[in-house]
Amino acid sequence: MTRDEALYRLRQLARARALGRHVGSDRLIQAGLDALLADVDSPSLALLAGLGRREEHEARELFDHVVDELGLGVEAPADPIAARWALAYWYAAQIVDGSLDPATGAELIWVEAASDLGYPEALQPIVECAVHLDDWNAAWSTPLEQLKEEVLVAARALVARGEPETNA
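Quick note on this note's numbering: the sequence shown kicks off at 1 and runs consecutively.
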C-alpha cells in the first residue's frame with residue numbers, strides 16, 4: 001500500500017464515522033498499521049497501530065487524534081436531511097471510484113439515504129436498480145452485470161450533480 005492509498009483509507013474511515021457509520025476498532029487499528037507501514041507519520045499513529053485486543057476500546061479516540069494530526073477531519077452536516085444526502089453522495093462516489101461494489105452501494109443508498117429522504121427524484125435511478133438487484137435471480141433475461149452497470153451510470157450522474165442535495 002502506498003502512502004496516498006493509506007491516507008485515502010484513513011480519510012474514508014473518518015468520513016464513514018462522521019456520517020454515522022459504525023467502523024469497528026479492528027478496522028481502525030488495521031488502517032493505522034497500514035498507514036504506519038506506508039510511511040505516514042503522526043504522533044498518535046504508532047499508538048493506534050500498536051493496540052492489542054485488550055486495548056481496542058482506545059482505538060476510536062486514537063483514530064480521532066490521528067485524523068486531527070493529519071488534517072483529514074471530516075465534518076458531517078448537522079441537518080439530518082443534509083447528512084442523508086451527504087451519505088448518498090459519498091456512497092455514489094465510492095461506486096464511481098470502484099471502492100464499493102455497485103450492488104452493495106445501491107442497497108446502502110436505498111436503505112440508508114433514499115428511504116429517510118422520501119425517495120427523492122435524484123436517487124430514483126439508483127433505488128430502482130437496488131430493487132431490481134434485490135429481486136434478481138439467474139433466470140432473469142437481464143444479466144447481473146448489466147444491472148450493476150446501470151447503478152454505476154446512475155451513480156456517475158449523481159456525482160456529476162456536484163455537492164449533495166440540501167433538501168428533499
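Using N, Cα and C, we set each Cβ at its ideal position, and we do this for glycine too.
| query | result |
| --- | --- |
| Excluding sequence positions up to five away, which residues of its chain have a Cβ less than 6 angstroms from the Cβ of S25? | E56, A59 |
| Look up A122 in the DSSP assignment and say whether it is helix, strand or coil. | helix |
| Determine, using beta-carbon pairs with one atom in the stretch 68 to 87 and one in the stretch 8 to 21, whether at least three such pairs fall under 8 angstroms. | yes |
| Within the same chain, show all residues whose beta-carbon is closer than 7 angstroms to that of G162, passing over the 5 residues directly before and after it, in chain order. | none |
| C129 and L108: beta carbons closer than 8 angstroms? | no |
| DSSP three-state label for D41, please. | coil |
| Let's test the definition: count the other Cβ atoms within 10 Å of the Cβ of Q124 and tell me whether it reaches 16, buried, or not, exposed. | exposed |
| Which same chain residues end up closer than 7 angstroms to P77 when comparing Cβ atoms and leaving out the 5 residues on each side of it in sequence? | A83, A86 |
| What are the boundary residues of the alpha helix (DSSP H) that A110 is part of? | For the sequence presented, residue 110 should be read as Trp rather than Ala. No alpha helix (DSSP H) holds W110; DSSP gives it neither H nor E. |
| Per the contact definition of three or more C-beta pairs closer than 8 angstroms, is the stretch 131 to 151 in contact with the stretch 90 to 108? | yes |
| I believe A38 touches M1 by the beta-carbon criterion, under 8 angstroms. Please report the beta-carbon distance rounded to the nearest angstrom. | 5 angstroms |
| I'd like to confirm something about A86: is its beta-carbon nearer than 7 angstroms to some heavy atom of the ligand FMN, or not? | Among the components of this structure there are no ligands whatsoever, and the ligand FMN is therefore not found. |
| Return helix, strand or coil for W136, following the three-state DSSP convention. | coil |
| Is there a C-beta anywhere in chain B that falls below 8 angstroms from the one on L28? | Judged by its chain identifiers, the structure shown contains no chain B, having just a single protein chain. |
| Which residues in the same chain as W90 place their Cβ atom closer than 7 angstroms to its Cβ, once the five residues preceding and following it in sequence are excluded? | R15, L19 |
| Decide if W140 is buried, meaning its Cβ has at least 16 other Cβ atoms within 10 Å, or exposed. | exposed |
| Rounded to the nearest angstrom, how far is the Cβ of S44 from that of V23, given a contact under 8 angstroms? | Rounded, the Cβ-Cβ distance is 17 angstroms, inconsistent with contact. |
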